[in-house]
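Numbering (this note's numbering), first residue to last: 2 to 1081.
Even glycine gets a Cβ: it sits at the ideal position worked out from N, Cα and C.
None of these values were measured; they are calculated from a predicted model.
Here's the structure, in structure tokens; my notes come after.
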């Protein structure tokens, strides 16, 4: 009966939509017994009261000022004694944006009157114009994840009219029994405008009531909680697809202009404006519905999963959801007391087991299937040309197949390339990193190079990106060297991925993208860098296309996808992420760390961007800032040190002297010789493909009117010319000496410069192919033939290096220790140093290993001091090698530390005495290693056997080993001389700390480090007096007293540089994240 139903309209402000709701309620075929408007506006606001008097004079008003949601408003209304809502059998809940159709209440009542066990009836929710369905009952998992099987734009054809019992119904248009309402305690005031219907429905089920849908009852729900009314007319999409409409290109040719953006910008409805509220509602319902013993485990899981989801949003292009994701989780934590109380109240109203809900829940698979169907429906306009829809789907399918194919190929070859070399390795230019991440972080920002006896200056700039890359893995206890080894194995696939991104911006041709990406991954500079352990140049090759891609994002719009439709060619624009300039700044900083002279290329790119008026000069300076700040110490030392300029031209990381290839092979990217001319010719096939293709495209643009008509193609000849100049310079650069590594002169590694030239050729090819009328246009036979031949050459150029490495595995197993260390390629070498030496290096003494070797005459002795498991990144830098080369060629005398060690080694193997051994110990040397395959191993064994205070350990897997124990003590990096005794202090890679006691008078601290003015030491915060040690080269401090001793090295520029670098890199990282929506 109509007199038993009361209509409750919840309103927060007086709007035209509210007027329509009140008119629709009064126009029902079944009149409600009474109409109440719950006024949630401030008490001083009389607009709603005035609207009621004009539109529905018979309606009553209940004041619920500042009720924050529909749950609070309704609970206040039912608690209002004057309203006496409990005298009605049923309450019809209406939102201020839900307009019922005339027969809505009648259809709801018809279902409600069928059974006394029905607690709530929900209508079928339609869009604002009633053209398609929004909701017909709520489907959800036990974790409150919604699974809506209704597709976007689905019209009502009666397909859901058989729906009856459901898990839940929305509160818009809900007809609820007042008895059931009171039985479960009404709505949960923590929820609204999302999730309150699901929570209320679940509690009704557990209280023994049914929740059903009346499909014939239709209500038009405008859903202003999702988007503001002002934007409502722009979209009728569901919450999952509010901003997924396909973009269409303008007919204006300026879209393709290199230096002109499209003249019009499409207006888009912001996506997921209510995401934070909906996410909180889902988490709250999840936490409220689980069993009590599961709740603590859910809290722990959310503590991990919520930040992880937020970070995933950030890096996946949905940065605008980062803070809402976190806020939803934090809001759940803040409301925990209310949650526990609400769980208690729900438990009191429950009269049936929780398992009754199992049949109503859907599975996670159903949620995923539903989301997939909705994604497939996004962008498929009912008026869209079916040919365009089919062609677009085919393009996506073929792109995925092509991408998967080339990625699998590069992954397979990368694994084959490094097969058998995943453990400890040596040879070539491979260098190990510090064993712990904290030591790597300290070394990256240090003003002291901890190699040998140390040297003042900045460390290898490559350590900074290495420290940032390996940081997440440190929490799992994975050593930095292991992480870098895995990255080295994946440089091929990563290069392919970066080139795929770059070419996707410039061309719609799948074949060009696939061949170009494959060629880039198989270029000789990358193959050689991976083979020889040059991780710096390999990282440069991987990141270069990403930097170029972001630079082009600043300059031009993406190449549209052209599809042949029934009405002609259709151009579909692709959405863009914001923050391209910041990502360019961050990527280019890493490039400059790998190649210091790359700063000139970054500067040139930004000058071009500003000269074409595409980028304000202020923005260009900000983009240049991370690179400049990061590399400033190296530039300052290199330009002020004799011969230091060579360090700016060479790549960062380790190096070794390789045999240079002929000049024309160097132009093709092969910086060192292979076994035969045939193999070398196959190696350079990918290079030849890019160079010949780039030059051919340049000539085609200059001679073909159809190509030159496109403004974007007009820069192709300029790009090719610039790239050709860079490539032509590589033979000259390869003849330039870079530095002195040990006793060997090394030359400039030209692979990085070849990569710079090759990326220009790749861009030229991609740009030239962008003129194709449609993506699936038939290519001429001759072009297919060229592509086929190019594919064979590219694949052969990629397979051959991997095959060569696999073939070398057998021979590598027979190499001696010396051959493994001096190999021209990376080889497995688990026994670089002995286990006892490793233990000494990682102990508090930070002991070092002296590695001895000699020529056949025993007149030339090679002595190397290792602080790590073999040659390390911190042993030397391009700067120290350049300075050493200059001093050697200029005939400058060795510094005191080097001369002292050379003299001591000669004395040790000829006329050893106790003072010699003690002086060697002052260099921090704990053990002496002589390779078993050394040509003078027996002479070393005889000489060291007669030396006092040296203990022979014996022959280990690494070679013959002796331990130095002058006067029975263990040598250490930092020693305390007090009361005539010497004791070691706890030392790290760069500093030392410890508690000193009973020092007496005239106590001193001595370091096994070169003396420098920036060494500092304190005891209980009081600075000690620096002085030169008695050996004439080491740093020492006097005036040591009892207390906490701290020794460290810090130049005046170190802390400001580190802060400035981290601020610049951090700002670029944050600005590069797509916090805002994608633009189109």
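Cβ-based burial, residue i [other Cβ within 10 Å; buried from 16]
i, result
"residue 822", "buried"
"residue 17", "exposed"
"residue 871", "buried"
"residue 357", "exposed"
"residue 10", "buried"
"residue 999", "exposed"
"residue 112", "buried"
"residue 968", "exposed"
"residue 197", "buried"
"residue 840", "exposed"
"residue 35", "buried"
"residue 1067", "exposed"
"residue 537", "buried"
"residue 307", "buried"
"residue 302", "exposed"
"residue 1057", "exposed"
"residue 595", "buried"
"residue 323", "buried"
Whether residue i touches residue j by CB criterion (8 Å)
i, j, result
"residue 496", "residue 543", "yes"
"residue 602", "residue 611", "no"
"residue 174", "residue 124", "yes"
"residue 1083", "residue 406", "Shown here, the chain extends from 2 to 1081; a query on residue 1083 therefore has no answer."
"residue 1082", "residue 140", "The displayed coordinates of the chain run from 2 to 1081. Any statement about residue 1082 would go beyond what the structure contains."
"residue 177", "residue 138", "no"
"residue 803", "residue 305", "no"
"residue 1117", "residue 191", "Outside the shown range of the chain, which is 2 to 1081, sits residue 1117, and nothing can be said about it."
"residue 668", "residue 732", "yes"
"residue 1011", "residue 898", "yes"
"residue 522", "residue 489", "no"
"residue 89", "residue 179", "yes"
"residue 534", "residue 428", "yes"
"residue 835", "residue 946", "no"
"residue 539", "residue 527", "yes"
Residues that DSSP places opposite residue i in a beta bridge
i, result
"residue 1008", "975"
"residue 1027", "1038"
"residue 40", "12, 64"
"residue 656", "The partner list for residue 656 (beta bridge, DSSP) is empty, contrary to what the question assumes."
"residue 125", "219"
"residue 134", "127"
"residue 491", "Answer is none; residue 491 lacks a bridge partner."
"residue 166", "213"
"residue 1149", "Past the boundaries of the shown model lies residue 1149; the chain is included only from 2 to 1081, so the question cannot be answered."
"residue 740", "747"
"residue 478", "DSSP, once it has assigned bridges, lists no residue as partnering residue 478."
- Would you mind listing the beta strand (DSSP E) stretches within the region 819-862 that are 3+ residues and don't spill past its ends, in chain order? Note on the region 819-862: whole beta strand (DSSP E) runs with a minimum of 3 residues are 849-855, in chain order.
- Message: Tell me whether the region 849-860 and the region 917-932 touch, counting them as touching only if at least three CB pairs, one residue from each stretch, are closer than 8 Å.
- Response: yes
- Message: So, does the region 35-48 touch the region 67-75, judging by three or more C-beta pairs under 8 Å?
- Response: yes
- Three or more C-beta pairs closer than 8 Å, one from the region 816-834 and one from the region 914-923: is that the case here? Counting Cβ pairs under 8 Å, fewer than three are found: no touch.
- Item | Start-end ranges of the beta strand (DSSP E) lying completely within the region 92-119, minimum 3 residues | 99-101
- Could you pull out every unbroken alpha helix (DSSP H) segment of at least 4 residues lying fully inside the region 577-618, listed in chain order? 581-595, 599-612
- Query: Three or more C-beta pairs closer than 8 Å, one from the region 1039-1049 and one from the region 989-1003: is that the case here?
  - Reply: By the C-beta criterion, the region 1039-1049 is judged to be in contact with the region 989-1003, since at least 3 inter-stretch pairs fall below 8 Å.
- Stretch pair the region 737-754 + the region 676-684: three plus CB contacts closer than 8 Å: As far as the Cβ criterion goes, the region 737-754 does not touch the region 676-684, which means the pair count is below three.
- Message: Does the region 624-640 come into contact with the region 858-867, if we say contact requires no fewer than three beta-carbon pairs (one atom in each stretch) closer than 8 Å?
- Response: The region 624-640 is not in contact with the region 858-867.
- Message: Taking 8 Å as the cut-off, does the region 216-228 touch the region 94-105 (at least 3 CB pairs, one atom from each stretch)?
- Response: yes
- Message: Below 8 Å, how does it come out for the region 453-464 and the region 1005-1024: are there three or more Cβ pairs, yes or no?
- Response: yes
- Task: State whether the region 720-732 contacts the region 813-821, with contact taken as three or more CB pairs (one from each stretch) at a distance under 8 Å.
- Result: no
- Message: Quick test of the definition: if touching needs 3 or more C-beta pairs under 8 Å, does the region 320-333 touch the region 278-287?
- Response: yes
- the region 496-508 / the region 470-482 touching (three or more Cβ pairs under 8 Å): no
- Item | Three or more C-beta pairs below 8 Å linking the region 937-951 and the region 959-975 | With a cut-off of 8 Å, the region 959-975 and the region 937-951 count as touching, because enough Cβ pairs lie within range.
- Task: Would you be able to state if there are at least three C-beta pairs under 8 Å between the region 717-726 and the region 762-772?
- Result: yes
- Tell me the start and end of each unbroken alpha helix (DSSP H) in the region 176-214 that is at least 4 residues and wholly inside, in chain order. 179-185, 197-207
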